[in-house]
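All residue numbers for the sequence shown refer to my numbering, where the first residue is 127 and numbers rise by one.
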Amino acid sequence: MEPHTKLRSLVGQTDIYLLDQILKGRYTSTDKILDAGCGPGRNMCWFIANGIAVYGNDQSEQAINHAKHIYTELPEDRLSIAPVNNLPYPDCFFDHVLSIAVLHFAVTEDDYLGMVKEMVRVLKPGGTFFLRMTTAIGNEPQGESLGSGVYRIPDGSTRFLLTDGLLNETMVKFGLVYEEPFKAVNVNNVRVMCAALFKKL
127 MEPHTKLRSL VGQTDIYLLD QILKGRYTST DKILDAGCGP GRNMCWFIAN
177 GIAVYGNDQS EQAINHAKHI YTELPEDRLS IAPVNNLPYP DCFFDHVLSI
227 AVLHFAVTED DYLGMVKEMV RVLKPGGTFF LRMTTAIGNE PQGESLGSGV
277 YRIPDGSTRF LLTDGLLNET MVKFGLVYEE PFKAVNVNNV RVMCAALFKK
327 L
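Structure (structure tokens):
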């Protein structure tokens with residue numbers, strides 16, 4: 127087996143910034159993790175392989191059915207068809223919440239804030255909120271403004287962009303502080319992707 131194939135069998139298609147958190151020992155065997163807006167579950171692979179209680183939800187029935195087909199060992203209640211702004215979990219249920227390439231599909235600031243509110247609601251105090259999305263921080267917004275924080279970016283897709291002001295509002299409104307420095311990466315002047323890790327107070 128080629129070295130890269132062996133690595134892929136261990137971590138699948140896990141987001142590289144999430145992999146960074148895994149390698150730092152962020153997640154332990156006693157934790158409960160939520161992958162909010164999990165799609166077909168590409169970021170759940172390592173957690174499942176290591177016996178960590180990971181849950182996933184997505185509004186797409188097709189995506190959840192695909193995840194169930196891949197991860198047949200998961201208990202039935204671990205995968206749910208539900209939008210991020212209406213999560214089927216009790217308050218303060220998870221030790222960590224992941225939001226990877228989800229919030230940039232918000233259609234307004236209120237839509238974005240509603241999704242963040244729900245994810246923070248189900249997160250325990252002291253737990254972490256891991257965020258990956260498109261941002262205007264560190265770079266002027268690329269493309270055409272469509273209003274309400276949404277842009278048509280150079281590749282033709284539409285994305286909601288996180289701004290400095292909205293980031294500050296998010297942290298104050300929902301009691302979040304940085305657990306690690308905020309990072310933003312310019313992808314060939316097409317979009318800027320951020321990686322942020324917050325702790326809930």
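Built from N, CA and C at the ideal position, the CB exists for glycine as well.
Residues near residue 208 by beta carbon distance below 8 Å, same chain, minus five either side: Residue numbering aside, residue 208 sits at position 82 when the sequence shown is read from its first letter. Only residues of its own chain outside the window of five on either side were considered, and among them 183, 184, 185, 214 have a CB closer than 8 Å to the CB of residue 208, listed in chain order.
Where the alpha helix (DSSP H) through residue 247 begins and ends: Here the question's residue 247 lines up with position 121 in the sequence shown. Element bounds for residue 247: 235-247.
For residue 303: DSSP bridge partner residues: The residue given as residue 303 occupies position 177 in the sequence shown. 325, per the DSSP bridge assignment.
As assigned by DSSP and simplified to three states, the class of residue 279: Sequence index remark: in the sequence shown, residue 279 carries index 153 (1-based). In the structure shown, residue 279 sits in coil (DSSP, three-state: anything other than H, G, I, E or B).
Proximal residues to residue 196 (C-beta, below 8 Å), its chain only, five neighbours per side dropped: For the purposes of this step, residue 196 is taken as residue 70 along the sequence shown, with counting starting at 1. Closer than 8 Å at Cβ, skipping near neighbours: 166, 167.
Extent of the continuous alpha helix (DSSP H) to which residue 194 belongs: Reading the sequence shown from its first residue, position 68 is the one you call residue 194. Bounds of the alpha helix (DSSP H) holding residue 194 are 187-196.
Inter-residue CB distance, residue 171 and residue 138 (contact presumed, cutoff 8 Å): Here residue 171 refers to the residue found at position 45 of the sequence shown. Here residue 138 refers to the residue found at position 12 of the sequence shown. Yes, they are in contact, since the Cβ atoms of residue 171 and residue 138 sit about 3 Å apart, within 8 Å.
Buried or exposed by the 16-neighbour rule on C-beta atoms within 10 Å, applied to residue 154: For this step, residue 154 is matched to residue 28 along the sequence shown. Residue 154 comes out exposed.
N- and C-terminal bounds of the beta strand (DSSP E) containing residue 160: As a working note, residue 160 is residue 34 in the sequence shown. Looking at the DSSP string, the run of the beta strand (DSSP E) that includes residue 160 is 158-162.
Backbone secondary structure at residue 320 - three-state DSSP: On the sequence shown, residue 320 is found 194 positions in, with the first residue counted as 1. In the three-state scheme derived from DSSP, where H, G and I count as helix and E and B as strand, residue 320 is classed as strand.
Closest by C-alpha distance to residue 225, when choosing among 136, 217, 235, 243: The residue labelled residue 225 in the question sits at position 99 within the sequence shown. Proximity to residue 225 across 136, 217, 235, 243 peaks at 243, based on C-alpha coordinates.
Where the beta strand (DSSP E) through residue 148 begins and ends: For the purposes of this step, residue 148 is identified with residue 22 of the sequence shown, where counting begins at 1. Where residue 148 is concerned, there is no enclosing beta strand (DSSP E), although the alpha helix (DSSP H) it sits in stretches over 142-149.
Alpha carbon of residue 297 to alpha carbon of residue 271, nearest angstrom: Numbered from its first residue, the sequence shown carries residue 297 at position 171. Numbered from its first residue, the sequence shown carries residue 271 at position 145. Taking the straight line joining both Cα atoms gives about 25 Å.
DSSP three-state assignment for residue 184, whether helix, strand or coil: As a working note, residue 184 is residue 58 in the sequence shown. The answer is strand: DSSP assigns residue 184 an E or B state.
C-beta atoms of residue 295 and residue 325 nearer than 8 Å: Taking the first residue of the sequence shown as position 1, residue 295 is located at position 169. Taking the first residue of the sequence shown as position 1, residue 325 is located at position 199. Cβ distance not < 8 Å, so residue 295 and residue 325 don't count as in contact.
Own chain residues within Cβ distance below 6 Å of residue 192, not counting five before or after: Indexing the sequence shown from 1 puts residue 192 at position 66. Cβ within range, chain order: 166.
Residues that residue 165 bridges to, as DSSP identifies them: Within the sequence shown, residue 165 is the residue found at index 39, counting from 1. According to DSSP, residue 165 bridges with nothing at all.
Residue 280 beta carbon less than 8 Å from that of residue 268: Position 142 of the sequence shown, counting from 1, holds the residue named residue 268. Position 154 of the sequence shown, counting from 1, holds the residue named residue 280. Against a cut-off of 8 Å, the Cβ pair of residue 280 and residue 268 comes out as a contact.
Exposure of residue 327, with buried meaning 16 or more beta-carbon neighbours within 10 Å: Within the sequence shown, the letter at position 201 stands for residue 327. Answer is exposed; the Cβ neighbour count stays below 16.
Whole-Å CB distance - residue 274 paired with residue 235, under 8 Å assumed: Numbered from 1 along the sequence shown, position 148 holds the residue referred to as residue 274. Numbered from 1 along the sequence shown, position 109 holds the residue referred to as residue 235. Between residue 274 and residue 235, the beta carbon gap of about 6 Å places them in contact (Cβ cut-off 8 Å).
Limits of the unbroken beta strand (DSSP E) element including residue 310: Mapped onto the sequence shown, residue 310 falls at position 184. Start and end: 309-313.
Inter-residue Cα distance where the pair is residue 187 and residue 199: Position 61 of the sequence shown, counted from the first residue, corresponds to residue 187. Position 73 of the sequence shown, counted from the first residue, corresponds to residue 199. Cα to Cα, the separation comes out at about 19 Å.
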